[in-house]
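**Student:** After the structure tokens below, expect a handful of questions from me.
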Amino acid sequence: MNTERMPTRGATILEPSRKLPVTGAYDVIVAGGGIAGVAAAVAAARNGMSVCLLEKTCALGGLATLGNVTMWLPLCDGHGRQVIGGLPEELLKLSVADLRRDNQSARFIGIPPCWQPGGDPEERKRIRYRVDFNPASYLLALEKFVSDAGVKLLYDTRVCAVRHKSNLISHLVVENKSGRSALACRAVVDATGDADICFLAGEQTEALDTNVLTGWFYHLQENGLSINQLSNAYSPSGTQDGAVGPFFRGDDAEQVTAQILGTRDLMRKNLADIRTRHPDADIQIVSLPTIACFRMTRRLVSSFSLGEQHMHGWFDDAVGLTGDWRKPGPVYAIPWRALCGVNNRNLLVAGRCISADTTVWDVTRAIPTCALTGTVTGMASALAVQQSDGDAHLLSVSDLQCRLKGQGFLLDPGLVASLPE
Ligand SMILES: Cc1cc2nc3c(=O)[nH]c(=O)nc-3n(C[C@H](O)[C@H](O)[C@H](O)COP(=O)(O)OP(=O)(O)OC[C@H]3O[C@@H](n4cnc5c(N)ncnc54)[C@H](O)[C@@H]3O)c2cc1C
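Encoded structure:
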């Protein structure tokens, strides 16, 4: 065998430069069609923008649908006060719009009666405003939602490079069935979950070695469908303390593959255990996650990172509020600065990769907060295009806050303050 022709691992090869066709031009391009990306794309389109949504898989919803992560966590603070409204609330309602009746074993559970119009305010202090959805129904609903908003959707399309004009991103380079091409844009929202665009565009990012084996799946038993929330223990503090390894950072191909294969092994074992416990039942696995299930991979390190010490604090540039799904009480205001690229002035970041430190990432990565930051960045990118040709550093934050309130956001300092005991 002639080994001279085969480059060794670690060597480099030169890729020839080539001319790329520009196959589209949009006011706003949203990279990633998870919950954050859907919210961003629809918000930008509703605010008058031409929008293209790029998704590397062939479905919308990201972890929420392809990962079977089906708990839409609360829009309230756990003390009876709703803190998230507007488009994120619409997205919660959409997730159960097709539900005919609750199904406890599959965990398809609609809006609690106390959170429906005219519901009992005292009950709202005990029962949180959340639902559990059917991921397949939600996937279908999200596609229609995006298309009804006039968003151009490109599936099977991965963003793999960015081009700049001074400190603005001028094009996203994509690869799909048509080959490699460029899409021109005035503003970009990174909703890839993994801060891929931030990384490609030279923003500072951070990733931690703290992801575990996890993957929720459904199985069929005689009495119907059951969800199995399979996961090794993880640490909410973004460390390995109290968590069960092996651990993964999740930002390279080897790790992504190892986490998926390891999780599938865990599923095989788990399924065998269930069959042992129910020897007379015909138990069949029916739906596996088809996306890598990482809770937190790479995220932006912006000029401001939200942390636990900001609980109940107000910011002049607050653009949204969120409760804490883990316990009643805490409310956080999310500042505009945590969603903005530093070196790329027309780059906004939404979803689980916003600038938040390890003390609150377990809150900001939840679906409601991802929908919230998606909506903000969609609206903000529209405003930036209208006010400053896409430069988000120049937009008027008070105009953005006004627009958010006009579109149902509960941006009230009184809601952030802690309630007297
Ligand atoms: C095991 C597990 C359990 C969880 N449980 C819950 C729960 O019960 N409730 C809850 O609220 N949250 C839960 N979460 C967290 C929550 O599901 C996610 O953090 C949230 O859905 C993330 O939304 P997102 O839109 O930011 O990112 P994602 O859902 O990750 O979506 C990102 C999208 O971008 C696409 N993409 C990535 N890179 C590119 C690229 N380069 N080009 C084009 N497209 C790209 C991906 O394919 C994906 O569709 C859980 C997470 C995990 C892993």
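Heads up, the sequence shown is in our numbering, so the first residue is 904 and it goes up one at a time.
We treat Cβ as the ideally placed atom computed from N, Cα and C, and that holds for glycine.
The model shown is predicted, which means the values in this text are computed figures rather than measured ones.
Taking the alpha carbon of Tyr1058 as the reference point, which residue from Val941, Ile1177, Ser1299 has its own alpha carbon closest?
**Tutor:** It is Val941.
**Student:** For Phe1151, which residues does DSSP report across the bridge?
**Tutor:** Asn1114.
**Student:** Whose C-alpha, out of Asp1051, Pro1238, Ala1094, Gly1277, is nearest the C-alpha of Val1319?
**Tutor:** Of the listed residues, the one whose Cα sits closest to Val1319 is Pro1238.
**Student:** Assuming the contact rule is C-beta atoms closer than 8 Å, Ala1000 and Cys1273 should be a hit. Round their C-beta distance to whole Å, please.
**Tutor:** Not a contact, Cβ separation roughly 19 Å.
**Student:** What three-state label does DSSP hand Asp1093 in the structure shown?
**Tutor:** Here Asp1093 sits in strand by DSSP.
**Student:** Can you determine whether any heavy atom of ligand 1 sits closer than 7 Å to the C-beta of Ile1270, and answer yes or no?
**Tutor:** Result yes, Cβ under 7 Å from ligand 1.
**Student:** Quick check: is any heavy atom of ligand 1 less than 7 Å from the C-beta of Lys1055?
**Tutor:** No, Cβ of Lys1055 sits at least 7 Å from all heavy atoms of ligand 1.
**Student:** Kindly examine ligand 1 and report whether one of its heavy atoms sits closer than 7 Å to the Cβ of Asp1315.
**Tutor:** Asp1315 Cβ: outside cutoff for every heavy atom of ligand 1.
**Student:** In whole angstroms, what is the alpha-carbon distance linking Thr1225 and Pro1182?
**Tutor:** Approximately 45 Å between the Cα atoms of the pair.
**Student:** Could you pull the start and end residues of the beta strand (DSSP E) that Glu1078 belongs to?
**Tutor:** Looking at the DSSP string, the run of the beta strand (DSSP E) that includes Glu1078 is 1071-1079.
**Student:** Can you give the beta carbon distance from Gly1118 to Met1170, rounded, assuming they're within the 8 Å contact cut?
**Tutor:** Rounded, the Cβ-Cβ distance is 6 Å, consistent with contact.
**Student:** Would you decide whether Arg908 is buried or exposed? Buried here means 16 or more other CB atoms lie within 10 Å of its CB.
**Tutor:** By the 10 Å Cβ count, Arg908 comes out exposed.
**Student:** Any heavy atom of ligand 1 inside 7 Å of the beta-carbon of Lys959?
**Tutor:** Yes, the Cβ of Lys959 comes within 7 Å of a heavy atom of ligand 1.
**Student:** Expressed to the nearest angstrom, what Euclidean distance is found between the alpha-carbon atoms of Tyr1121 and Gln1132?
**Tutor:** One C-alpha to the other measures close to 9 Å.
**Student:** Is it right to say Ser1050 is buried, meaning 16 or more other beta carbons lie within 10 angstroms of its own, or is it exposed?
**Tutor:** Per the 10 Å Cβ criterion, exposed.
**Student:** In angstroms, rounded to a whole number, what distance separates the CA positions of Thr1193 and Gly1254?
**Tutor:** When rounded, the distance between both Cα atoms is 19 Å.
**Student:** Taking only the alpha-carbon atoms, compute the straight-line gap between Phe1197 and Ala1136 and give it to the nearest angstrom.
**Tutor:** The straight-line gap from Cα to Cα measures roughly 13 Å.
**Student:** Please give the ranges of any alpha helix (DSSP H) in the segment 1001-1087, keeping only runs that are unbroken, at least 4 residues long and fully inside the region.
**Tutor:** Correct list: 1038-1051.
**Student:** Does the Cβ of Trp1264 lie closer than 7 Å to at least one heavy atom of ligand 1?
**Tutor:** For ligand 1, not one heavy atom lies less than 7 Å from the Cβ of Trp1264.
**Student:** Helix, strand or coil: which one does DSSP assign to Asp1294?
**Tutor:** DSSP places Asp1294 in coil when its eight states are reduced to three.
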